[in-house]
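Residue numbers (the working numbering), protein chains in the order written: chain C, 1 to 635; chain X, 1 to 635; chain B, 1 to 635.
Cβ atoms here follow ideal geometry from the backbone N, Cα and C, with glycine treated the same way.
Here the structure is a predicted model, which means the values were calculated and not measured.
Working notes for the structure below.
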Amino acid sequence: MKRTLGTCYYPEHWPEEIWAEDAARMKAAGLTWIRIGEFSWSKLEPTPGDLHWDWLDRAIEALGAQGLRVVLGTPTATPPRWMAERHPDMFAVTAEGQPRGFGSRRHYCFSHKGYFAESQRITRLMAERYGANPHVAAWQTDNEYGCHDTVISYSDAAQTAFRAWLAEQFDGEIDALNEAWGNMFWSMEYRSFDEIGLPNLTVTEPNPAHVLAFRRFSSDQVVAFNRAQVEIIKAHSTAPISHNYMGRITDFDHFKLGEDLEIATWDSYPLGFLEDRVGASPEEQRAYARQGDPDFQALHHDLYRAVGRGRWWVMEQQPGPVNWAPYNPAPLPGMVRLWTWEAFAHGAEAVCYFRWRQAPFAQEQMHAGLLRPDSQDAPAMQEAMDVAAELGAAADVQPAQAPVAILFDYDADWAWSTQPHGAGLSYFQLILEHYKALRRAGQTIDILPPETRDFTGYKMILAPGMMHLPEPLKEALARSEAEVLYGPRSGARDGHFSIPTSPLPPALPGLDVTVARVESLRPDMPIALKGGGAARGYLEELEGTAEVVFETSEGAAVALRAGRQTYCGGWLDAEGLDRLIATVAQAAGLELRQMPEGVRTRRTATEVFWFNHSAEPVETEVGLLPPAGVKRIAL
Amino acid sequence: MKRTLGTCYYPEHWPEEIWAEDAARMKAAGLTWIRIGEFSWSKLEPTPGDLHWDWLDRAIEALGAQGLRVVLGTPTATPPRWMAERHPDMFAVTAEGQPRGFGSRRHYCFSHKGYFAESQRITRLMAERYGANPHVAAWQTDNEYGCHDTVISYSDAAQTAFRAWLAEQFDGEIDALNEAWGNMFWSMEYRSFDEIGLPNLTVTEPNPAHVLAFRRFSSDQVVAFNRAQVEIIKAHSTAPISHNYMGRITDFDHFKLGEDLEIATWDSYPLGFLEDRVGASPEEQRAYARQGDPDFQALHHDLYRAVGRGRWWVMEQQPGPVNWAPYNPAPLPGMVRLWTWEAFAHGAEAVCYFRWRQAPFAQEQMHAGLLRPDSQDAPAMQEAMDVAAELGAAADVQPAQAPVAILFDYDADWAWSTQPHGAGLSYFQLILEHYKALRRAGQTIDILPPETRDFTGYKMILAPGMMHLPEPLKEALARSEAEVLYGPRSGARDGHFSIPTSPLPPALPGLDVTVARVESLRPDMPIALKGGGAARGYLEELEGTAEVVFETSEGAAVALRAGRQTYCGGWLDAEGLDRLIATVAQAAGLELRQMPEGVRTRRTATEVFWFNHSAEPVETEVGLLPPAGVKRIAL
Amino acid sequence: MKRTLGTCYYPEHWPEEIWAEDAARMKAAGLTWIRIGEFSWSKLEPTPGDLHWDWLDRAIEALGAQGLRVVLGTPTATPPRWMAERHPDMFAVTAEGQPRGFGSRRHYCFSHKGYFAESQRITRLMAERYGANPHVAAWQTDNEYGCHDTVISYSDAAQTAFRAWLAEQFDGEIDALNEAWGNMFWSMEYRSFDEIGLPNLTVTEPNPAHVLAFRRFSSDQVVAFNRAQVEIIKAHSTAPISHNYMGRITDFDHFKLGEDLEIATWDSYPLGFLEDRVGASPEEQRAYARQGDPDFQALHHDLYRAVGRGRWWVMEQQPGPVNWAPYNPAPLPGMVRLWTWEAFAHGAEAVCYFRWRQAPFAQEQMHAGLLRPDSQDAPAMQEAMDVAAELGAAADVQPAQAPVAILFDYDADWAWSTQPHGAGLSYFQLILEHYKALRRAGQTIDILPPETRDFTGYKMILAPGMMHLPEPLKEALARSEAEVLYGPRSGARDGHFSIPTSPLPPALPGLDVTVARVESLRPDMPIALKGGGAARGYLEELEGTAEVVFETSEGAAVALRAGRQTYCGGWLDAEGLDRLIATVAQAAGLELRQMPEGVRTRRTATEVFWFNHSAEPVETEVGLLPPAGVKRIAL
């Protein structure tokens, strides 16, 4: 297939006179896709019922006239001001009980029925008008669900919906809920579903079962909201439907939502993320300030390849300094090209730069684009054009199944955050650290959804921290041909956040190991491992007859192994994790390749991509890689 | 007397089929006391007025059948969900004006009359049913008053009650209040008590006199709430009544509440406390992460011995990792035994482990018990059984009055927090630091309530930081045979939080010293003392004719002394405090014994207990003490 | 003219019997001015309409009898408790929507019409009674507008007023507002001014144009509130009217408010400021803990000289430890004298110590005065008397225009805080750092309002960070004879917070430089400059034909220069700024004098004042300066 480039464009921000010229420049730059429309509701419907499609007709036409392909976004992330008057209680509500009002974006509660209907109405109108438009070649629903912490809402609407959701979960049996949640613990029993409140504003922490159920409910509300739009669009258009997920947002289940989409896309802001959500040390933040974390984007690429069942894009690619991180540096020259090629190496169908031209007004006026506000080329433009030329000149990327997989489970992330046990422990961070260790060892990785049961073709599968392990998954993993690495906390809870007791976790078929006790540790109290590395922050006391493969310097078991299954009861530091993964990978027959600092690879069916994320030239086995260097080596 | 062990048990959490076996195992483990019932309201009264005592009858019977003695708790810390419907405004309100609702525990405002009546009703029903039960050998009111910051409530109910409380304090004379508080200062004068609000949500800080009065009122509300339960129980039972206080909770006056009890008990979680409320440095937190602070528990033991007028227990003893601290490590092997013996050495009648079996559900599922969730013995079980065996084999502990006393004044803690003057200064911390210095010098200590006037038998009395010193106390101390150490801030305020002006503080009989000026200092600005050590954070400029016994390296007086009284005007660091206390203790004729790091002693009438709180073996004058070692040396 | 001393006195706090003695001691101490009345509303009008002037009559008479001159304050900063009953919605409202209630001070919203009328009523009554009083020689409106963050209020009253203010700004054309603010960006368009809310409680950040407009509106409300009082007083009195501004409060435009006053005064608390608002490093805070920052007060002196158009005072001078900073040390002996003389050197007409006698009650009981609470002299008294004696003995200070000026623009401070781009970047801090660099180079400085167009007499003018540069100002600066230093961010926005695009900023006449791109940087990522120093936190990429005078070590332009204009695109560290300012100053023909650490000078028409702010004696070109030393050297 042909990998393509694109950009995000806001015709409503610019005089109509320059649309044609913009389109011609986009074409000349080698772009294919132009996403538009997703924040334009007040231009489309300035007053309720008064629809203004003409400008959008002409904008699409101007783009189409250049052969550009439009991704059309439903504008539901930014309901106009009049919506707040029609639905004064449409806003999400914070944990402190404060409505989150009009004046920016994403100002709606997913559980609000009135707004839900409005979102369907505008989607229907848009789909009716553009469903058959030849230039509209793809759709996007809404924009960045969950951004700005907008999944969870403590509104009255959410409470009503949560009660109904729970009643359905428990077949209307309140005693079943009381039993499953252990509500007798502090006399928290309910007599009916109508007595159940939201788990905020309690004196001390609420029941974790209550919290986790609310997290699952909240995720389901997003999925339902999105599904309603998808169904409407599908009734009028055959173009594929996408949504642009945002980095490290785990508040809803991207896999579940993705089941309704043809294409998963995500918004990649490597420098903003490094400051804001990678969890890097100050030293790493300094070293990679202009390049971004060398693994964070790749992890998301692999994640969204899974979410999209193979079809995925980067819908928004950072092209220069952004406006929203604590500090907003400019990328190292070459990084825009590197980021783009890295996405293609991981299988992206398209990479779109956000945005075409830097807006001189409003919230994102400090967010760079391909063009400066004065319409001159910004530095990213040349790098985008370079990639366009390279795409035309080189053979296509040939994706292939990776030999290594990591199971990624949104539910586990909610479970960890519901009860981290030790300050700062996070499931996403655990996954990222395992992913980094694999990449430091030169591995190419697939991310898999937790519902996966067929593991054919994988040599090694990691399922750390998946707190609820359904029995069929345990069995499928035990049956698979792969080496499987569990722990810490894998299987630590049942489906309603209780500790299984007969037997205690993890209760793995074919691996006799029991978590006898759990402790969390101050970060300054590493527990040294025999042979190097340490457990940090979290450590389980393990019992069982399986072979001890890792132990503390004092001889306590840290990892046990039987057959092809290994369970590790500690949160290991980088050195420990490198050793553990090497042990399991060697058993799996994987070839390990120690990467120099900042260098990463990705293997496809036909070649190996090499990327230098560091700011210095690095000598590698395939030669010298300059800063931001990209190299393709045929197999 | 016979020192005994016990545990906290929740029959309502477990199938009735295993109660008898649980009871048999408790008996076999050497336990005597079983506390039950304190969170069971929703099981006792699932619907208003529909009482279900049968299960509790049978649970008590099952325990009693093994000869176990029940401590029965009133369930008022966890009103059921229906209570919130009957009394929608029963919740405490935060300083920000937010009600603290249903879903965890302690969700009530002490000033709410409706809930107050409900708490009396359920207490009366319980007392009527079990007052004469032969197995109910003690009572507990409610659970951990003040835990989760629940004493202070900014509710309407509190405002109404506060106004009435003030009117009583000032005999209905609003001008007296205006005068006492200095309300003319910023035109804050009231025309009637009904104009007085609660001291929250002001633009800048409210009048400290207003804040302190509200703190005193809030404490009195707890005392009244408890007293109502005590009076009802006493009408039906002759068994002693207790309450389980929580560590470092100073929001109500434990002495005043204790006057209504026969037995004071407290809940001792050494590892949780170290992370959460000791105020230790990161180095100390690391060194003692598995042992807890070597003095924090001892201080509370001595405090509750005073609160209980000699009769006190540990009602909840940490047996393994807890769930609620930022980090929750496992105890060093042997510490559960050490903690238990330390409590006995300080005179505890009983030590009960919390809890019998780790609950696999709800908020405390990560809190260890004597049993694991799968009913296997957890590590603490063996240590408990060891203590039980040792208790049977050894002579009883013979308590004796200590030669050294510290006055502890809850009102002073409120005064310091009302106006710390320097960031982070706290009365409790000041007392803890003095207590630690005494323990480093090998002293055995009594804590005394501020109402003490008879100091017979004490050689040395410390009254640091007691901001309001009533004249009779000053006189009693001046008359006593003991060396008395005052300051900093002793006597700094009158009874309504004004600075006494004629003369200025501290105005001590027989000790001519005047605090001419006060300054607070950045923590990084130690003021060196001649001879070693430094003042840190807080320093007074002292005038007077008394002998200067400590001075800064620049010659400013820091401590003055006349007769048997010493006043120190600085917050001294450990070295300074060690020297100051040595000076006063030598004058008092006390024998000082420099303790090795982590080693502490406690002297009774007949022996000296030695405890090694460090994780290393330590050589002492009584031989090598292993980590967590306990040694009894006869006098 | 005769420079004079004074103090702040609260006769209502003390028994009437001691007023006469107090007045006599004031006179004997050499004081001239006594400010009274500003918090006394509840004494003047204990109940609505029941006026009690008699005590104030007698207090003024007691002071006047000693020849003391009264500054009479309107009491509107502390409306009595009954006011809250008359106007329950009179309070300012926090960004979180919480009213800021009664119980301290400044508890009113500037936009509340009811309270506005009350403030006029009491001002009128006071002006009528004392407008002709021979002892009332000056007036003060209210007290410290803006203190405790009280300018900005999210009340309903503010919303109503803001809509009207906006309608006036945009001539009632809502589309003009939508266009100017770029409201189409996220469908934020309004259909009428009545749809506009306040920029709080949005999901993510509101439109910066919206925020900046609200900041401007909020400032205008303060100006209007003050103007109403001024007009009333002027109708009854010829005495000059002042207001006491507070240090580093920039929430309203002091210049605009000052246009209505005869005298600008400010409240100088060097030690409190150092802890609280200077932004000094921990090392500087430690080194200057007892002296205060060596430049912070001087900057304010120069600022208020401009605000008062030459006529300015220190209305409240710190005399000892204060009560409100995180830490409250005592001043180094001599500093009270130094602070006083420094104010005179900068042209103050009077310096008044706050307060006469330390109050033993209420919020400020830990705030030192000239007298202790027991009426003994506090240490500051002798220093004040020394200054009084010196004033009598020496020649008067002869102010003169400085050769160097800094433009200070409140609007720019709001713009930076609306969109700092990098965490922690602040316009005030930028100005302070430029001011410090000038002072380290021995310069004497004027602060100028942004409306200045005539720069006659200045050799060097600094306009860093002034985000909106009106064209007439650019032209006036370009025409001036002075060297002008711009940047970073000078001219970066138009009048409604959009980036000018044709051309891009700064668009300076006669200096071809374009800000092509902007980045903010982690503080631990300094960008080294060729020749020494670094850019930190913020750096622009500059284009243009002007001469590069500063560049990074990698050769990127940091400062460009043409004619007498220089633009610097980076936030420079101290070394870089010293070098940049030296470069420009040399071009301006200024004589640079490198000051020893802690030493500062101020040149008048006839002499140079030397001040040693350090705690050590310092050798200077005019001889040894002791700690806190002051030296006057005739030219």
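Count the other C-beta atoms from every protein chain shown that fall within 10 angstroms of the C-beta of R479 of chain C, then say buried if there are 16 or more, exposed otherwise.
Position 479 of the first sequence holds residue 479 of chain C. Its Cβ having fewer than 16 others within 10 Å, R479 of chain C is exposed.
Proximal residues of chain C, C-beta to C-beta of P75 of chain X below 8 Å:
What you label residue 75 of chain X is simply residue 75 of the second sequence in a count that begins at 1. By Cβ distance, chain C contributes S187.
Between M466 of chain X and chain B, is any beta-carbon pair separated by less than 8 Å?
As a position in the second sequence, residue 466 of chain X is number 466, starting the count at 1. No - not a single Cβ of chain B is within 8 Å of the one on M466 of chain X.
Counting along the chain, where does the alpha helix (DSSP H) carrying D54 of chain X start and finish?
Taking the first residue of the second sequence as position 1, residue 54 of chain X is located at position 54. First-last of the alpha helix (DSSP H) with D54 of chain X: D54 to G64.
Less than 8 Å between CB atoms is the rule here; does F296 of chain C satisfy it with respect to chain B?
By one-based count along the first sequence, residue 296 of chain C stands at place 296. For F296 of chain C, the answer is no, since every Cβ of chain B falls outside 8 Å of its Cβ.
Using a Cβ cut-off of 8 Å (strictly closer), state whether R561 of chain X contacts chain C.
Numbered from its first residue, the second sequence carries residue 561 of chain X at position 561. Judged by the 8 Å Cβ criterion, R561 of chain X is not in contact with chain C.
What are the start and end residues of each continuous alpha helix (DSSP H) run of 4 or more residues lying completely inside the stretch 287 to 333 of chain C, in chain order?
296 to 307
Within 10 angstroms of its Cβ, does S242 of chain B collect 16 or more other Cβ (buried), or is it exposed?
Residue numbering aside, residue 242 of chain B sits at position 242 when the third sequence is read from its first letter. Per the 10 Å Cβ criterion, buried.
Taking C-alpha atoms, which residue in C:A161, C:I233, C:R58 and C:V93 lies nearest to R124 of chain C?
Reading the first sequence from its first residue, position 124 is the one you call residue 124 of chain C. When only C-alpha atoms are compared, the closest one is C:I233.
Are F185 of chain X and A167 of chain X close, meaning C-beta to C-beta below 8 Å?
As a working mapping, residue 185 of chain X is identified with position 185 in the second sequence. As a working mapping, residue 167 of chain X is identified with position 167 in the second sequence. Contact flag unset, no.
Here's the rule: buried if 16 or more other CB atoms are within 10 angstroms of the residue's CB, otherwise exposed. What is V397 of chain B?
By 1-based counting over the third sequence, the position of residue 397 of chain B is 397. Answer is buried; the Cβ neighbour count reaches 16.
P270 of chain C and W356 of chain C closer than 8 Å at C-beta
Taking the first sequence and counting its residues from 1, one reaches residue 270 of chain C at position 270. Taking the first sequence and counting its residues from 1, one reaches residue 356 of chain C at position 356. Result no, Cβ atoms of P270 of chain C and W356 of chain C do not sit closer than 8 Å.
Measuring straight from C-alpha to C-alpha, what distance separates V336 of chain B and L407 of chain B?
Position 336 of the third sequence holds residue 336 of chain B. Position 407 of the third sequence holds residue 407 of chain B. If you take the alpha carbons of V336 of chain B and L407 of chain B, they lie about 29 Å apart.
Closest Cβ-Cβ distance between S155 of chain B and chain C: below 8 Å?
Sequence index remark: in the third sequence, residue 155 of chain B carries index 155 (1-based). Closer than 8 Å: no.
Against chain C, with Cβ distances strictly below 8 Å, would L391 of chain B count as a contact?
To locate residue 391 of chain B, count along the third sequence from 1; it is residue 391. So, not an interface residue.
Answer yes or no: does any C-beta atom of chain X fall closer than 8 Å to that of N207 of chain C?
By one-based count along the first sequence, residue 207 of chain C stands at place 207. Yes, its Cβ sits closer than 8 Å to a Cβ of chain X.
7 Å Cβ shell around H496 of chain X - same chain, five flanking residues per side excluded
For the purposes of this step, residue 496 of chain X is taken as the residue at position 496 of the second sequence. So the list reads A180, W181 and A209, once near-sequence residues are dropped.
Under the rule that 16 or more other beta-carbon atoms within 10 Å means buried, what is L201 of chain B, buried or exposed?
Against the third sequence, residue 201 of chain B aligns to sequence position 201. Buried.
Just the chain B side, please: which residues come within less than 8 Å of P321 of chain C by C-beta, in chain order?
Locating residue 321 of chain C in the first sequence gives position 321, where the first residue counts as 1. The contacting residues are R517, V518, E519 and S520.
Just confirm the distance between the C-beta atoms of Y458 of chain B and L511 of chain B, as a whole number of angstroms; I'd bet it's less than 8 Å.
Stepping through the third sequence from its first residue, residue 458 of chain B is reached at position 458. Stepping through the third sequence from its first residue, residue 511 of chain B is reached at position 511. Incorrect: roughly 18 Å between the Cβ atoms, too far for contact.
Quick one: what does DSSP say E551 of chain B is sitting in, helix, strand or coil?
Translated into the one-based positions of the third sequence, residue 551 of chain B becomes position 551. Strand at E551 of chain B.
Beta carbon proximity, F102 of chain C to chain B, threshold 8 Å:
Within the first sequence, the letter at position 102 stands for residue 102 of chain C. With 8 Å as the cut-off, F102 of chain C counts as an interface residue toward chain B.
Report the residue from C:L469, C:A516, C:Q221 and C:R439 whose alpha carbon sits nearest the alpha carbon of E451 of chain C.
Numbered from 1 along the first sequence, position 451 holds the residue referred to as residue 451 of chain C. Closest option to E451 of chain C, Cα to Cα, is C:L469.
Going by C-alpha distance, which of C:H13, C:F611 and C:W266 is nearest G348 of chain C?
Residue numbering aside, residue 348 of chain C sits at position 348 when the first sequence is read from its first letter. According to the sequence shown, residue 348 of chain C is Ala rather than Gly. Of C:H13, C:F611 and C:W266, the residue nearest in Cα terms is C:W266.
List, in order along the chain, the chain B residues whose C-beta lies closer than 8 Å to that of D374 of chain C?
Sequence index remark: in the first sequence, residue 374 of chain C carries index 374 (1-based). Near D374 of chain C (Cβ distances below 8 Å), the residues of chain B are T501, S502, P503 and L504.
Just list the residues that DSSP pairs K459 of chain B with in beta bridges.
Position 459 of the third sequence holds residue 459 of chain B. K459 of chain B is not bridged to any residue.
Quick check: what's the CA-CA separation for D260 of chain B versus F217 of chain B?
Here residue 260 of chain B refers to the residue found at position 260 when the third sequence is read from its first residue. Here residue 217 of chain B refers to the residue found at position 217 when the third sequence is read from its first residue. Between D260 of chain B and F217 of chain B, the C-alpha separation is close to 18 Å.
Who pairs with R517 of chain B in a beta bridge, going by DSSP?
Locating residue 517 of chain B in the third sequence gives position 517, where the first residue counts as 1. Bridge partners of R517 of chain B: B:E541.
Smallest Cα separation from Q358 of chain B: which of B:F344, B:A345, B:S375 and B:E342?
Here residue 358 of chain B is taken as the residue at index 358 of the third sequence, counted from 1. Q358 of chain B has its Cα closest to that of B:S375, out of B:F344, B:A345, B:S375 and B:E342.
Please compile the residues from chain D whose C-beta is within a distance smaller than 8 Å of the C-beta of W181 of chain B.
Of the protein chains in this structure, namely C, X and B, none is chain D.
Please identify, using Cβ separations under 7 Å, the residues of the stretch 12 to 39 of chain C that lie next to chain B, in order along the chain.
E12, H13 and F39
Out of X:V518, X:V223, X:V558 and X:N183, point me to the one whose CA is closest to L485 of chain X's CA.
Here residue 485 of chain X corresponds to residue number 485 of the second sequence, with the count starting at 1. Answer by Cα proximity: X:V558.
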